[in-house]
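Sequential numbering of the sequence shown, starting at 581, is according to the numbering used here. Note that CB positions come from ideal geometry on N, CA and C, so glycine has one too. These numbers come from a predicted model, not from an experiment.
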Amino acid sequence: MKIKPRLRSWKKILIITLLSVIGVMFVLYLWLDEPLPSGKSGPEADALARKMMRAVNIAQWDSTGAVSWQLRDIHRLLWDRTRNFARVRWEDYEVLVDVNTQHGVAREEGRMLTGATATDLVNEGWRYWVNDAFWLNPLAKLFDPGTVRQLVKLPGGQDGLLITYTSGGVTPGDSYLWRADETGLPYSWQMWVSILPIGGLEFSWEKWITLSTGAKIATYHRGKFVDTYLSEVKAARTLKELVPEEDPFAALLKLNEAHQ
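In structure tokens, the structure reads:
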């Protein structure tokens, strides 16, 4: 059976297009990919980390009992930091999850779900929370267990802070190189993370706001290909101050009581 000329032409176009896309991606990889730098751990790295934490009023963050925010207008989150409970909403789903145990409940359009569907959604909601809470304030995690801090000399002689998370989270082993101004306030970081094929992609840390509790949060992160932003960021000393009505985690409390 002979292949019609028009069909051969379309196949040729598809192959050329595919090869062109692969070629462009390869060139971008060679152009943008950077090796993970090495630095020196010790008192100087720790001192820079503490300076950055002071610049964002970490003591005020520690006294922030509850916070709500949206990430890229996709996920809507509420975090009770006192009990470490999180509510994550996206599309028609709502997940209430105990961050410590990863146990939780899931609803779709207000209807409680059960079985494997609920478990999968709770796990998905927990992963969203891990990512979105990290974008909210990763500076609170510079001294978490399993964290390695290194001082890196940047072009121009400036000191950068390289943070590697050897454990915890969804993707342990990820590294971030922070750049900060003379006051210690960060203005960008580079990422070496397992979910991105290109190492060293840079995002800005800008449009800082001060929460009602006094903690500082960056709400905009400009990248080469995509921007990440936070909106509707609100905080309070207690969950009751932030959400005056009935406890939004009542169903999660009931679940925890059943497991005891």
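Inset, instruction - Return yes when the Cβ of residue 746 is within less than 7 angstroms of the Cβ of residue 644, no when it is not. - result: Against the sequence shown, residue 644 aligns to sequence position 64. Against the sequence shown, residue 746 aligns to sequence position 166. In this structure, residue 644 keeps its C-beta atom at 7 angstroms or more from the C-beta atom of residue 746.
Legend entry - Which residues DSSP lists as bridging residue 767, in chain order: Along the sequence shown, one-based indexing puts residue 767 at 187. Partner(s): none; residue 767 has no beta bridge.
Inset, instruction - Whole angstroms is fine: what's the gap from residue 752's alpha carbon to residue 627's? - result: Position 172 of the sequence shown, counted from the first residue, corresponds to residue 752. Position 47 of the sequence shown, counted from the first residue, corresponds to residue 627. One C-alpha to the other measures close to 24 angstroms.
Inset, instruction - Could you tell me whether the stretch 685-701 touches the stretch 766-777, using the rule of 3 or more Cβ pairs below 8 angstroms? - result: They do not touch, by the three-pair rule.
Inset, instruction - Go ahead and label residue 654 buried or exposed: buried means 16 or more other beta carbons lie within 10 angstroms of its beta carbon, across all protein chains shown. - result: To locate residue 654, count along the sequence shown from 1; it is residue 74. That one is exposed.
Inset, instruction - Going by CA-CA distance only, name the one from 639, 673 and 715 that's closest to residue 651. - result: On the sequence shown, residue 651 is found 71 positions in, with the first residue counted as 1. Checked all of 639, 673 and 715; the closest Cα to residue 651 is 715.
Inset, instruction - Spatial neighbours of residue 795 within its chain, please: CB distance less than 8 angstroms, with the 5 preceding and 5 following residues excluded, ordered by chain position. - result: Residue 795 sits at position 215 when you count from the first residue of the sequence shown. Excluding positions up to five away in sequence, the list reads 636, 637, 638, 640, 641, 644, 717 and 815.
Legend entry - Between the CA atoms of residue 724 and residue 804 - distance to the nearest angstrom: Position 224 of the sequence shown holds residue 804. Position 144 of the sequence shown holds residue 724. When rounded, the distance between both Cα atoms is 29 angstroms.
Legend entry - Same chain, Cβ closer than 8 angstroms to residue 820, neighbours up to 5 away in sequence not counted: The residue labelled residue 820 in the question sits at position 240 within the sequence shown. Once the five neighbours on either side are set aside, residue 820 has no close Cβ partner at all.
Legend entry - First through last residue of the beta strand (DSSP E) which encompasses residue 790: Stepping through the sequence shown from its first residue, residue 790 is reached at position 210. Per DSSP, residue 790 belongs to the beta strand (DSSP E) from 786-790.
Legend entry - residue 684 burial status per 10 Å Cβ neighbour count (16 or more: buried): To locate residue 684, count along the sequence shown from 1; it is residue 104. Buried, because 16 or more other Cβ atoms sit within 10 Å of the Cβ of residue 684.
Inset, instruction - Measuring alpha carbon to alpha carbon, tell me which of 712, 664 and 681 ends up nearest residue 808. - result: Counted from its first residue, the sequence shown places residue 808 at position 228. Nearest to residue 808 by C-alpha distance, out of 712, 664 and 681, is 712.
Inset, instruction - Count the other C-beta atoms from every protein chain shown that fall within 10 angstroms of the C-beta of residue 619, then say buried if there are 16 or more, exposed otherwise. - result: To locate residue 619, count along the sequence shown from 1; it is residue 39. When all chains shown are included, residue 619 counts as buried.
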